[in-house]
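A.B. asks: Please see the structure below; I have some questions.
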Amino acid sequence: MRKVLSLVLVICLFSSLGVTSFAVDGNFDGEFTVIGDELSREEIEKIKEDQIQKEIQKEINKSLTMDNSYEISPRSIPEWEYKSVKVGSAKARKVPIGFAGKQPRDGIVFEDKGGRIHWQDSGFEKNVSFSVSIAGELVSVGVSAAAGKKVDKVTGYSARVPDIYVGKPVKLFVSKDFEVTKFKLMRRKVYGNTGEYGKWEYVKSFTTEVPVRPYLKIKKVEN
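Letter by letter, the sequence shown follows residues -23 to -1, 1 to 200 of mature numbering (1 follows the signal peptide of the UniProt record, and there is no 0).
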């Protein structure tokens, strides 16, 4: 009961100080995980739409290159209309990204209880690979994701160092949830001089990957 009351008091204290709200869960080795807020559906859809448009633009650029390789009248070149068709979505949970940037290689040592590492979701991105099941198919995903960085002031989330790690080197490790959506990219010819349309045809499949929630964990550095 004392542990529960103490945890509630800590959360209330940091909320009153303007620190971003967080939830804390413990596991058997004493490490804490700070669970960040999930992006809103509106934010997720905006990021997803930006990625869709980039895929469409790639195909537009590719078709322009192919059309320009032939000596034909520009009027006879059909334009392409593209659309994306959703196949399905899945969420990959707690995908390991890595240690946050701006931390000493050998970790940080806190000599007193109550130490915290402040984190900001920005900085250098690294390649991360994982798999999800969408519409009964295992889909391999490769994304560029930022592990964020340690900052001196509270600008986002703050992770408390567990008491068992006082006097020991620690670093902040970051994982993230991703919402992965698979699409089929379709296109059809549009003849500007006649206003006629061709049939929709399959171009390729692709995925959008949106990081929707961060997790921060204090880990002991093993030297």
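Glycine is no exception: its CB is placed at the ideal position from the N, C-alpha and C atoms.
Computed from a prediction, not measured in an experiment: that's the story for all the values here.
Provide the residue(s) that pair with asparagine 170 in DSSP beta bridges, ordered along the chain.
C.D. replies: Here residue 170 is taken as the residue at index 193 of the sequence shown, counted from 1. Bridge partners of asparagine 170: none, in fact.
A.B. asks: Out of Gly175, Thr185, Arg18, Ala69, point me to the one whose CA is closest to aspartate 154's CA.
C.D. replies: Numbered from 1 along the sequence shown, position 177 holds the residue referred to as residue 154. The option with the nearest alpha carbon to aspartate 154 is Ala69.
A.B. asks: Can you grab the Cα-Cα spacing for the pair lysine 166 / serine 117, in whole Å?
C.D. replies: As a working mapping, residue 166 is identified with position 189 in the sequence shown. As a working mapping, residue 117 is identified with position 140 in the sequence shown. Rounded to the nearest angstrom, the two C-alpha atoms are 31 Å apart.
A.B. asks: Give me, in chain order, the residues of the same chain whose beta-carbon lies closer than 6 Å to that of isoleucine 33; leave out the 5 immediate sequence neighbours on both sides.
C.D. replies: The residue you call residue 33 lines up with position 56 of the sequence shown. Cβ neighbours of isoleucine 33 beyond the five flanking positions: Tyr59.
A.B. asks: Do the segment 172 to 180 and the segment 126 to 144 meet, that is, are 3 or more Cβ pairs less than 8 Å apart?
C.D. replies: No: the two stretches stay apart, fewer than three of their Cβ pairs being nearer than 8 Å.
A.B. asks: So, for residue 214: in the same chain, excluding its five sequence neighbours on each side, which residues have a beta-carbon less than 8 Å away from its beta-carbon?
C.D. replies: The requested residue 214 does not occur in the structure, where the chain is confined to residues -23 to 200.
A.B. asks: By how many angstroms is the C-alpha of histidine 95 removed from the C-alpha of valine 128?
C.D. replies: Residue numbering aside, residue 128 sits at position 151 when the sequence shown is read from its first letter. Residue numbering aside, residue 95 sits at position 118 when the sequence shown is read from its first letter. Valine 128 and histidine 95: Cα-Cα distance of roughly 5 Å.
A.B. asks: Would you please verify whether the beta carbon of glutamate 173 is less than 8 Å from any beta carbon of chain C?
C.D. replies: In summary, chain C is missing from the structure at hand, where a single protein chain is found.
A.B. asks: What did DSSP end up calling aspartate 27 once you bin it into helix, strand or coil?
C.D. replies: Position 50 of the sequence shown, counted from the start, is the residue given in the question as residue 27. It is helical.
A.B. asks: Provide the residue span of the beta strand (DSSP E) that contains phenylalanine 76, from first to last.
C.D. replies: Taking the first residue of the sequence shown as 1, we reach residue 76 at position 99. 56 to 76 is the span of the beta strand (DSSP E), which, as asked, contains phenylalanine 76.
A.B. asks: When you compare the CB positions of serine 99 and lysine 130, do they come within less than 8 Å of one another, or not?
C.D. replies: Taking the first residue of the sequence shown as 1, we reach residue 99 at position 122. Taking the first residue of the sequence shown as 1, we reach residue 130 at position 153. Not a contact, by the Cβ cut-off of 8 Å.
A.B. asks: Rounded to whole angstroms, how far is the Cβ of valine 64 from the Cβ of lysine 159, which I believe are closer than 8 Å?
C.D. replies: On the sequence shown, position 87 is the one that residue 64 refers to. On the sequence shown, position 182 is the one that residue 159 refers to. So it is a contact: roughly 4 Å between Cβ atoms.
A.B. asks: Which first and last residues belong to the beta strand (DSSP E) in which phenylalanine 183 is found?
C.D. replies: Position 206 of the sequence shown, counted from the first residue, corresponds to residue 183. Segment 178 to 197, the beta strand (DSSP E) holding phenylalanine 183.
A.B. asks: Specify the secondary structure class of lysine 159 as computed by DSSP and reduced to three states.
C.D. replies: Numbered from 1 along the sequence shown, position 182 holds the residue referred to as residue 159. DSSP places lysine 159 in strand when its eight states are reduced to three.
A.B. asks: Would you kindly report the start and end of the unbroken beta strand (DSSP E) that includes phenylalanine 107?
C.D. replies: Counting from 1 along the sequence shown, the entry for residue 107 is found at position 130. Segment 102 to 111, the beta strand (DSSP E) holding phenylalanine 107.
A.B. asks: Per DSSP, which one or two residues make a beta bridge with glutamine 34?
C.D. replies: In the sequence shown, the residue the question calls residue 34 occupies position 57. Glutamine 34 pairs with nothing; no bridge assigned.
A.B. asks: Could you check whether valine 143 and alanine 67 sit closer than 8 Å to each other, using their CB atoms as the reference points?
C.D. replies: Counting from 1 along the sequence shown, the entry for residue 67 is found at position 90. Counting from 1 along the sequence shown, the entry for residue 143 is found at position 166. No, the Cβ-Cβ distance between alanine 67 and valine 143 is not below 8 Å.
A.B. asks: Just reading off the beta strand (DSSP E) that arginine 137 is part of, what are its end residues?
C.D. replies: Mapped onto the sequence shown, residue 137 falls at position 160. Residues 134 to 137.
A.B. asks: If we ignore side chains and look at the alpha-carbon of each, how far apart do lysine 71 and serine 152 end up?
C.D. replies: Your numbering for residue 71 matches position 94 in the sequence shown. Your numbering for residue 152 matches position 175 in the sequence shown. Each residue's Cα considered, the two are about 5 Å apart.
A.B. asks: Quick one: is alanine 112 buried, meaning 16 or more other Cβ sit within 10 Å of its Cβ, or exposed?
C.D. replies: The sequence position of residue 112 within the sequence shown is 135, counting from 1. Flag for alanine 112 reads exposed.
A.B. asks: Among all the DSSP beta bridges, which residues are the ones paired with arginine 93?
C.D. replies: Against the sequence shown, residue 93 aligns to sequence position 116. Answer is Arg137.
A.B. asks: Quick one: Cα of glycine 7 to Cα of methionine 163, how far?
C.D. replies: As a first step, residue 7 is located in the sequence shown; it is residue number 30 there, counting from the start. As a first step, residue 163 is located in the sequence shown; it is residue number 186 there, counting from the start. At glycine 7, the pLDDT of 42 sits below 50, so the modelled position is not reliable and the matter cannot be decided from this model.
A.B. asks: Within its chain, find whatever has a CB closer than 8 Å to the CB of serine 110; leave out the 5 residues flanking it on each side and keep chain order.
C.D. replies: For the purposes of this step, residue 110 is identified with residue 133 of the sequence shown, where counting begins at 1. Ala67, Val116.
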